[in-house]
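Notes follow the structure.
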Amino acid sequence: MRYIGSRCKRCRAVGASVCGRIKCALVRKPNPPGQHGGDRKKRSEYATHLIEKQKIRWTYDVSEKQFFNAFSEASKSKGVTGTVLLQILESRLDNILFRSGLVASRPQGRQLINHGHVMLNGKKATISSMRLVPGDVISFREKSQEVAKTMQAGLVSVCPDWLSSDPKALSCKVLMKPEREQLDQSFQESLVIEFYSR
């Protein structure tokens, strides 16, 4: 079941902004949520690993099952497990919509996909977890152009090097598979590997 509670509570729980919002509650309330949130205790090794896993999972807004499946696939691949895991999560359709600056957040991107507004290579795409490859082009249906423009109003986003975005045409193209240095440097994916290796 998808989480529908306060996203900023999660940010405060892991001590990092995972909601994707500019005005995150973490800025005003840096302590963990709850009555005793201000009482900072030394974290155990398990807690450190769990929090890092949750930080990455909540950033990409995926379920535990989706995250574990991505990890299982990454661990069986020939590449570096942590890097491959992040590449799998980054290649999701809802994430690329967000990264390209066409939507304000991943949940917003997912909503547009679920409602049939998004096209992938000229065909309607309704599955937000679809994995994109270099050469794939995202656009919006002709009837959905106004909806997309309304949601994009006032958005200022820096498109990563591995994507090519055209905000005026409301389209985005995947240029390459992202390298580790092009991904979020705050993630410590090695802790996730240690968490699942217990």
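First residue of the sequence shown: 174, per the numbering used here; consecutive thereafter.
Don't be surprised by glycine CBs; every beta carbon is placed ideally from N, CA and C.
As the structure is a computational prediction, the values presented were derived from the model and not from experiment.
Can you name, in chain order, every residue of its own chain whose Cβ lies under 6 angstroms from the Cβ of H222, other than the five neighbours on each side? L364, E367 and F368
Pair within 9 angstroms by beta-carbon distance, S264 and V310: no
One or two residues paired with V310 in a DSSP bridge: K346
Return the chain-ordered list of same chain residues with a C-beta closer than 8 angstroms to the C-beta of N287, the five sequence neighbours on each side being excluded. T299 and S301
Just to confirm, are S312 and A342 a CB contact at a threshold of 9 angstroms? yes
Where does V257 fall in DSSP's three states? helix
Where S317 falls: helix, strand or coil (DSSP): helix
Could you pull the DSSP bridge partners for M303 from this structure? Bridge partners of M303: none, in fact.
Can you find the residues in the same chain that come closer than 7 angstroms, C-beta to C-beta, to E225, ignoring five residues on each side of it along the sequence? Q361, L364 and V365
In whole angstroms, what separates the C-alpha of L266 from that of R371? 31 angstroms
Is D267 helix, strand or coil when you go by DSSP? helix
Look at the Cβ atom of L262, then the Cβ atom of L285, and state whether they are nearer than 9 angstroms. no
Reference D334; option with closest CA among I229, E352, T232 and V306: E352
Taking Cβ positions, are T254 and F244 nearer each other than 9 angstroms? yes
For G308, which residues of its own chain have a beta-carbon under 8 angstroms away from its beta-carbon, when the five flanking residues on both sides are left out? K346 and V347
Label V235 either buried or exposed according to how many other C-beta atoms from any shown protein chain fall within 10 Å of its C-beta, with 16 as the threshold for buried. buried
Please return the same chain residues whose Cβ sits closer than 6 angstroms to the Cβ of C332, not counting the five positions on each side in sequence. S273, G274 and S338
Buried versus exposed call for V115 [16 or more other C-beta atoms within 10 Å across all chains shown]: Missing from the structure shown is residue 115; the chain here goes from 174 to 371 and no further.
Report the rounded CA-to-CA distance for Y233 versus R283, giving the unit in angstroms. 11 angstroms
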